[in-house]
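Data first, discussion second: the structure below is written as structure tokens.
Residue numbers (our numbering): 60 to 225.
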């Protein structure tokens, strides 16, 4: 019975491929959207091996009413097809519904938001990219977030020590 459940979870294909931790540090993320991504065969094989790097300059851009992912690096596997020229930093199209695209275009053009990829994951054997509608943080916001993180760690440490004694 347990083996059957394990196989079912494998079929769902759920699981995180990569997280963009820098985006959470650099931006206030107001809303998140799930988008499909147009990939080539060798890119899919590389993602199954976990080879992706969001890097410093990874963002989403709006061109001609469509949204594209720019700056994400998917290095090819050594065993990739020899007849395909693999470009690891190519611009990839994100797949969203028209109303979502219109909403995102309005926020980017009118309100000055940025589209930042926050995660890439498997969902029903398809690759999905989570993009966030984000505003840039200033230096003092980053310092406040760091202080808050350190304080919560210290608080947890003190509570654990207190619970062990009592």
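By construction, the Cβ of each residue, glycine as well, lies at the ideal position given by its N, Cα and C atoms.
query	result
Environment of residue 179 [buried if 16+ CB atoms lie within 10 Å]	buried
Coil, strand or helix - residue 222 by DSSP	helix
Opening and closing residue of the beta strand (DSSP E) in which residue 111 lies	Residue 111 -> no beta strand (DSSP E), and no H or E assigned at all.
Cβ pair residue 109, residue 76 closer than 8 Å	yes
C-alpha gap between residue 128 and residue 205, whole angstroms	29 Å
Cβ-Cβ separation, residue 189 to residue 91 (assumed contact under 8 Å), whole Å	6 Å
Beta-carbon spacing of residue 82, residue 150 below 8 Å	no
Status (buried if at least 16 other CB within 10 Å, exposed otherwise) for residue 126	buried
Secondary structure of residue 133, DSSP reduced to three states	coil
Exposed unless 16 or more other CB atoms sit within 10 angstroms - verdict on residue 60	Low confidence applies to residue 60: its pLDDT is 43, below 50, so where it sits in the model is not reliable, and the reading given next is rough at best. Residue 60 should be labelled exposed.
Whether residue 144 touches residue 105 by CB criterion (8 Å)	no
Stretch pair the segment 160-179 + the segment 196-210: three plus CB contacts closer than 8 Å	no
4 or more residues per run - each alpha helix (DSSP H) lying fully within the segment 156-211	157-170
Reduced DSSP secondary structure (H/G/I, E/B, other) of residue 74	strand
Residues of its chain near residue 216, where Cβ-Cβ distance is below 6 Å and the 5 sequence neighbours each way are ignored	none
For residue 83, the first and last residue of its enclosing alpha helix (DSSP H)	80-85
Of the residues 78, 183, 136, 191, the one placed nearest residue 160, counting alpha carbons only	191
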